[in-house]
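Peer 1: Just dropping this structure here.
What follows is the structure, encoded as structure tokens:
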């Protein structure tokens, strides 16, 4: 039950946390949001995707402005799913029963990202009530498949449908928890791409006392890994740090100390800037593998292309709104992992992420400051005014 002393945004955030929604379950949240949006004349479409054992719920909702075909469109994008709570005994309270202590709201999804969803909704309601004849279009793109392992049935499905329909988007704010130390200190105006590989190097198994009868794949691949670790893949640019390459797993051997392994399996990952491409990085790796004359197999998996929104209209408006509400000069950053912004950037020229402090996301006792929730709503509201009233 919500606390009547809380603001409407805080009440909604509290209510959303009370709907358990571990990926791919939506928990009825999108329907709740759609019902509120329909009351202010949004057209809402639910798009289901995925197999029966991983059924994903997506929502596309839009309210058209008075400027017709010339109307700019601002999209609020986010996810209704959350990561599992982990061991319940490690939580101070039930992760799906929102609790307020000393001005802080606790619960799974409090920071990632149900407070942002609440701020999206209430900011939009206030904006429409005050400006029913606003010029620009307002849209919501929500999914219950952001925290999952593949992200194949969520935002990317909606984006593909919008692309087929030739829907025009101009600005997008993803409500990811981007603030680092204090609320409002960081905006993500891009993200690095992710490229992973699984490398299998074949050897010949044998006894360690008879190495001439075997071929040790660990010894063969070691100089390759050393060479890859020393490469400067690119220099980055104004917005991105240089591309990085990291080994994450190395498996070889039977567990016996007297057996040369017959195979070594290595997992590695690139986080790459716009200065490089996935194809170029893969080509360079395979050139090195061939140079060392290894017998190998390699499989590649691209998690996402890098995207970037340079300094300009959306970044300026959001930074200005943050400054007005908090007094903080928000920094533009492209660090961290991937997000659904990478999909939206394919059909929207300006995509940024902004939300609460991320210090407790995916942890036990996840939380968000109540004052930050209200500030977040005010900032989103200012962005609506600055972009869609002109």
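Residue numbers (the numbering used here): 15 to 404.
Backbone N, C-alpha and C fix where the C-beta goes; we use that ideal spot for every residue, glycine too.
Identify which residue in 367, 298 and 99 has its Cα closest to the Cα of residue 199.
Peer 2: Between residue 199 and the set 367, 298 and 99, the nearest pair of CA atoms involves 367.
Peer 1: Here's the rule: buried if 16 or more other CB atoms are within 10 angstroms of the residue's CB, otherwise exposed. What is residue 383?
Peer 2: buried
Peer 1: Tell me the start and end of each unbroken alpha helix (DSSP H) in the segment 164-194 that is at least 4 residues and wholly inside, in chain order.
Peer 2: 169-178
Peer 1: Name the DSSP beta bridge partners of residue 381, please?
Peer 2: Answer is 120.
Peer 1: Just tell me which of 377, 279, 252 and 194 has its CA closest to the CA of residue 101.
Peer 2: 377
Peer 1: For residue 28, count the other beta carbons within 10 Å of its own beta carbon; 16 or more makes it buried, fewer makes it exposed. Which is it?
Peer 2: buried
Peer 1: So, residue 292 versus residue 257, is the Cβ gap smaller than 7 Å?
Peer 2: no
Peer 1: Figure out for me which residue from 49, 26 and 144 has the closest Cα to the Cα of residue 123.
Peer 2: 26
Peer 1: Since residue 364 sits in a beta bridge, which residues does DSSP pair it with?
Peer 2: 185
Peer 1: Can you check whether the CB of residue 165 is closer than 7 Å to the CB of residue 85?
Peer 2: Between residue 85 and residue 165, the C-beta gap is not smaller than 7 Å, which leaves the two residues out of contact.
Peer 1: Does the separation of the CB atoms of residue 137 and residue 360 fall below 7 Å?
Peer 2: no
Peer 1: Pick out whichever of 397, 381, 372 and 364 has its Cα sitting closest to the Cα of residue 182.
Peer 2: 364
Peer 1: Comparing alpha-carbon positions, which option in 271, 209 and 380 lies nearest residue 111?
Peer 2: 380
Peer 1: With C-beta atoms as the reference, is residue 126 less than 7 Å away from residue 38?
Peer 2: no
Peer 1: Specify whether the segment 270-289 and the segment 332-342 touch according to this definition: at least 3 beta carbon pairs, one from each stretch, less than 8 Å apart.
Peer 2: no
Peer 1: List the residues that DSSP assigns as beta-bridge partners of residue 87.
Peer 2: Bridge partners of residue 87 according to DSSP: 151.
Peer 1: If you draw a straight line from the C-alpha of residue 185 to the C-alpha of residue 322, how long is it?
Peer 2: 13 Å
Peer 1: Is the distance from the Cβ of residue 353 to the Cβ of residue 206 below 7 Å?
Peer 2: no
Peer 1: Rounded to whole angstroms, what is the Cα-Cα separation between residue 253 and residue 222?
Peer 2: So the alpha carbons of these two residues sit roughly 50 Å apart.
Peer 1: Taking contact to mean 3 or more Cβ pairs, one atom from each stretch, closer than 8 Å, check whether the segment 48-59 and the segment 135-149 are in contact.
Peer 2: yes
Peer 1: Between 393, 155, 157 and 95, which lies nearest to residue 34 when the distance is taken from Cα to Cα?
Peer 2: Comparing Cα-Cα distances from residue 34 to each of 393, 155, 157 and 95, the minimum goes to 95.
Peer 1: Here's the rule: buried if 16 or more other CB atoms are within 10 angstroms of the residue's CB, otherwise exposed. What is residue 225?
Peer 2: exposed
Peer 1: Quick check on the DSSP output: what are the complete alpha helix (DSSP H) runs of length 4 or more inside the segment 237-292, in order along the chain?
Peer 2: Counting whole runs of 4 or more residues, the segment 237-292 contains no alpha helix (DSSP H) stretch at all.
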